[in-house]
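Quick note on UniProt numbering: the sequence shown kicks off at 1 and runs consecutively.
Ideal placement from N, C-alpha and C gives every residue a C-beta, glycine not left out.
What follows is a short report on a single structure.
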Amino acid sequence: MKFHFTAAFSLLLLNASASSFAANSPRSVQRGWSSVGNGRIPFVSGGAISESTKLNSSVDSTSSSTAIGAISAENLDLLSERGRKAILTLVEHDVDGFQSHVYADWPAAGTDDDGKKRLAEQLADLDGSYPGGLAAYTSKARALLKESADGTNPFEEFEAVVSEGETLSFDGEGTMSFSEAEKIGMEGIAGAAFVLVAGGLGERLGYSGIKLSLETNLCTEECYLEVYIKYIQAAQNLARKKTGNDDIRLPLVIMTSGDTDQPTRDLLKANDYFGMDEDMVTIVMQDKVPALNNNNAALALDDDDRWTVQTKPHGHGDVHHLLYREGLVDQWEKEGRTHVVFLQDTNELVINSVIPVLGVSISKGFDMNSICIPRLAGEAAGAIARLEHKSDPSKSLVINVEYNQLDPLLRSQGDCKGDVADPDTGYSPYPGNANNLVIALGAYAKTLRGEDQGVVLEFVNPKYKDETRTDFKKPTRLECMMQDIPKLFQKELGSDVNIGFTMLDRWFTFSPAKNSLESGVEAAEKGSTAPGTMSSAESDKYIQNQRKLKYAGVDLPVTSVPDDLVPVAGIPVTAPGPRIVLAPSFAISREELLEKVRGESNTVSARSSMVLEGHHLTIENLELDGALVIKCGDETHVTVDGLKVENKGWELVENEAGTDYPENVSIRGYTMAKHETREYILNEPGNFVIGEDGERQHHDWLDLISLQNDTIAIAIAIAIVSRSLPDTNRTAVRGVRERDHPPSHPSTMALQQELARNNPRYEYFYDESNPDASAEDAEAEDSIYTTVPTKNHERERIPFVYSLGRRYHPVYDYDERKQYEASLFWWTYRYGFPQLNSISTDAGWGCMLRSAQMMLSQALRMHFKSRHWRPDPSTSVARNDAFVARLLTWFADFPSGNESFYSLHNMCAAGMAGYQVLPGDWYGPGTACHVVRDLVGLHRQKQQPNLFRVHVSSEGTVYKDLVYRLMTREASAATKRRRREGSDGDNDHDHDHDHDHETAVPAEPLHPLDPSCLSRGPDDEPDPGDLEWDAGLLLLVPHRLGKDSIHESFARGVARSFALPQSVGILGGRPRGARWFYGAYADGSKVLGLDPHTVQEAPRRKERTGGATTTAIDGGFESSIDLTHEYLASVHTPYPDVLDLNRMDPSVALGFYCRDRRDFLDLQEALSRDIPGGTHQQLVSFVDKVPDYMLSELQGDCDVDVDGDIDLDGFDGGGFGDPKRDELSDEEDYVLL
């Protein structure tokens, strides 16, 4: 396997230090002067240089006059002062004319002036960013390039010997006990700081984005950055557990480059820092250095722009100087930290080694400890060796030696055999460097405060065009590597420095993703089993976890490398598997793994896939043949005891030849088809057991109740018996579920009420006069919480839960709430539907539309049924329910203008026709609300004239006159007609047709005091506020409740809104995904929602029979959709998301269904009521009349005419009619993936 090292001369500057190598070296680190013609410029090799020595600081009148001959005065006058200094000094010191192509032959002033200014500013930036300036950079480059061209041997004074280090083995023997090292490491992890080196793009992989954003595996689709952050969080959790100190926080520093800085910041922000505290993440950006064209260190200009100098990354060795420069090392010392852990960007396996290697460092007192692996002889990977100086032992040191230097060095000494394998082990005696480091902070800080300030030794690695070794195939530059810091350690600490290594198993530690699929296939064809591709890295992750579980006693096949590997897209991988992902929160140590996996009956088949995530998840007895996902929240304790799972599972599917795929798919060469999955997502605090029947049982309250009172124990036991939730025999990525939900027994509620009245010491809440606990009850501070007894006979305050017009007691109403949640309609990502502009899945972009579908389905449920209605949990019964059949047909994903009105296709058609949003683009909550409004209007026109109307308010403000005008449109017309009838007498009653005369009902004359007649003529517009509504109202209120998150002043108002009987929930979510929220804890701390980020198969139409494509339903409705068990079961889930409200994105849309005018007025009164107990802002403002200046902008919301605007029947994601509406000022920064 080849490591990610390309340097040919990584140690060329080892003899640059006066403290280490011969004083007559041409690259002595002692500061001196290099003669360049008549000028003398300072240079330094491997050390820092003061500001006073920078190139442009030496500009004087002499340099100015010298430059006049090269650059005209008129051109110089164009430049800024700093730009002019940079150009003049470059000319002054370019005695040999190596840089004349940069400044010579400038056109006269007036031509390309902007380019000249740009070049001068760039030169000034480059000079200021490099220690010593451009003069030092080009001086060092010429010296190093000369030695490279001459083939100078940098090791002439040295002899390589095998260094002493430690060996650890997860499941074997080592020089040190793995358990002992891990134990010491777990005790010391509280003092760690983490540094992630991430300055490179994924171009070598065939990916144009940053490598940190690549998915580590297709089971969880978590990117590298997410995995690293979750590891740090797990380590933090472990440190808190070991020390009992919940205040411990572990910091992360990410070093970026100009190419990766902004994308890295965007990735963190878009994902809310993956749950890490934002103030614990620091980003430092390394500067680029000029590229060089030849051995004369001529600056390379851009091929397409002669006014731009090509630049390249300097290398990850910059990280040490950046940590010093930004004051982070000083900060960590003040915080009492002890070690710094350095990680590379695309070697996920190495995180398993951090804790045991830290333990070795602490035990052995290593100042620097390199994580190593067994290395094959001749392998293209750096090696750790001890370089013994032939005459001065004080100059000897342990350091990384590149593979193309190690073999020549070994051939020049000893038996002259070179880099050959040890016959006993089959590996080279020189361990391979995984390039991940653990460094003691004390020694590190002292070294960085030395003369060089962390600037490590540089090297060059030119690729020559021919044997003359003068010109390059492409520009080169000076480079540096972070693993070369031992030279600085030796310089500052002398012989006291203790540098070592720890070698671990390759399967446990090392599998980087660095090569493209094509390169990997080529390597595999030559016999390599470690091609270093995304697919091989993913496969090695699964194999690693296979071996871990095998060690823990699980009966499962372990892929033998290379015998059991199977080529997929040309890369040998573990197939079928099993594919195992153990999240850091599940176990980051062997000790944790053995605590979490217990029992003697855990079996996993070869074709299985399994994801385990959660700090408090324990596997005792499991039988798996298929796909299983279990994810638990931080406060959720789950035990799997006797669970048996068998389903179709997941499989790898090779990409089709000749088909274009996104980069992140093409670099693997395959996708993962997730046919069926058993999934448990448990975020609710408490103790749960998943048993043999697959049902999740909640055991928390049995533990909390004192068994001394038999009556209370029996009551709580009765409440818990019915608390089981359905299993998850689900299709596609997360699939489908079906279980009956038995209603709570009446005697249970009666007993609960009796207990509440007769046992006040338990203080269980029960409002006998109003069991529904309306919003008015929520006003009082003491009605937000109830108290429950704990094991210690103490009381704990727990908030009530508000959900869709109800207040639920956290204990008594637990079952009822869970059953109601399981009845909600859950619309998710689908795949395999008729194409939208060649798109056949909305995975990755449709979550806001799916969330809007969920809110709309709740409104339809309240309109056609009631808030309390529930569909039958049996799919065979639900299939024949006319409303369920209609609803599933309305939302089925087909382009349809007369049946599937709310399909994804129709929503995209409306989005494009009215708001210029293409299929595949992201929607904000405001745009989604307008799409719902348009489609409901279409549904009213074409099929459901009695359907409610939709009004979308303006940024949290409801203008009542617009609402009344919308809701009384037909009543207003009828009133005007009746006035005319009353005014014209019998003239308006023409009964020429006898058959009409018999059935006609004459209009009843209006009373003279009727408000609609006062002061109005027969043709005047009646006041909409005086008229009864002719339809129900779905009121949608887009709003922004804060800047970056929901402001705390809105928290109680958000929670209280869910208690209103008109509530149909809230559209919102996190930056990573939209959700439909239907409830909240009464104190505003958490919200409950349904997550659409589950990919399921799209429904199908029924096969045509005799020209018909319909399914007869009781009640006279006929559906053309195939209402299969899978489709019916896939639209419900008993597993809601529980999310901290303060982590929601502030852009939301509130929804309320008002059956009539009285309902609307009640809603206004409830939302306008003050919230006691602190400073709380009202969510929605009600204003009587829209201001004149806004009237034209908002007129469309009450005069919607969708007829002709949306071409639904012919929608293919392409052409539409001209849109009639103005674009929305929606929250477009609400990016939801």
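With fewer than 16 other beta carbons inside 10 angstroms of its own, HIS868 counts as exposed. Contact between ASN647 and ARG678 holds, since their C-beta atoms are separated by about 6 Å, short of 8 Å.
If you check the CB distance, VAL197 and VAL319 come in under 8 Å.
GLY626 and THR574 have their alpha carbons spaced roughly 16 Å apart. Within its own chain, the residues whose Cβ lies closer than 6 Å to the Cβ of GLY450, once the five positions on either side in sequence are excluded, are GLU492, listed in chain order. Where ILE1121 is concerned, there is no enclosing beta strand (DSSP E), because DSSP gives it neither an H nor an E.
In this structure the stretch 431–438 touches the stretch 363–376; the number of beta carbon pairs closer than 8 Å is three or more. Between the stretch 386–404 and the stretch 153–164, the count of C-beta pairs closer than 8 Å reaches three or more; the two stretches touch. Secondary structure note for TYR785: its beta strand (DSSP E) is the uninterrupted segment 785–789.
Counting only residues of its own chain and dropping the five nearest sequence neighbours on each side, ALA552 has a CB closer than 7 Å to the CB of LEU593, LEU594, VAL597. Cβ-Cβ separation between PRO1136 and GLY1089: approximately 6 Å, consistent with a contact (criterion under 8 Å). For MET255 and GLY454, the gap between their C-alpha atoms comes out near 15 Å. Pairing GLY188 with GLY359 gives a Cβ-Cβ distance under 8 Å. Only buried fits GLU479, as 16 or more other CB atoms lie within 10 angstroms of its CB. Rounded to whole angstroms, the Cβ separation of ASP304 and ASN400 is 37 Å, and the two are not in contact under 8 Å.
The Cβ atoms of PHE1050 and GLN1177 sit closer than 8 Å to each other. Taking 8 Å as the cut-off, the Cβ atoms of GLY633 and VAL227 do not count as close.
Inclusion of PRO512 and THR264 in the CB contact set at 8 Å is not warranted, their separation being larger than that value.
Taken through DSSP and simplified to helix, strand or coil, GLY500 comes out as strand. Considering only GLU684, GLU692, LYS242, the residue with the shortest C-alpha distance to LYS644 is GLU692.
In the structure shown, ASP305 falls within a strand segment according to DSSP collapsed to helix, strand and coil. If you check the CB distance, ILE580 and THR559 do not come in under 8 Å.
Under the three-state reduction of DSSP output, CYS219 falls in the coil class, being neither helix nor strand. For TYR1078, the enclosing beta strand (DSSP E) covers residues 1073–1081. For ARG1101, the closest C-alpha among the options THR889, LEU250, PHE800, CYS372 is that of THR889. According to the DSSP assignment, VAL1087 belongs to the beta strand (DSSP E) that extends over 1086–1090. Residue range 636–646 is occupied by the beta strand (DSSP E) that includes LYS644.
Spatial neighbours of ALA910 in its own chain (CB-CB distance under 7 Å, excluding positions within 5 residues in sequence) are listed in chain order as VAL931, ASP934, LEU935, ILE1206. The residue from ARG249, PRO290, GLY199 with its alpha-carbon nearest to that of SER257 is GLY199. Contact between the stretch 167–179 and the stretch 497–505 is present: three or more C-beta pairs spanning the two stretches fall below 8 Å. Taking a cut-off of 8 Å for Cβ pairs, the stretch 266–274 and the stretch 1061–1073 touch, as three or more such pairs fall below it.
Under the 8 Å Cβ criterion, the stretch 522–541 does not count as touching the stretch 463–474, having fewer than three qualifying pairs.
One Cα belongs to ALA1098, the other to ASN837, and the distance between them is close to 17 Å.
In the structure shown, THR1133 falls within a coil segment according to DSSP collapsed to helix, strand and coil.
With respect to the C-alpha of HIS1093, the residue from ARG850, PHE864, ASP1170 having the closest C-alpha is ARG850. Each residue's CA atom was taken as its position, placing VAL102 and ARG306 some 8 Å apart.
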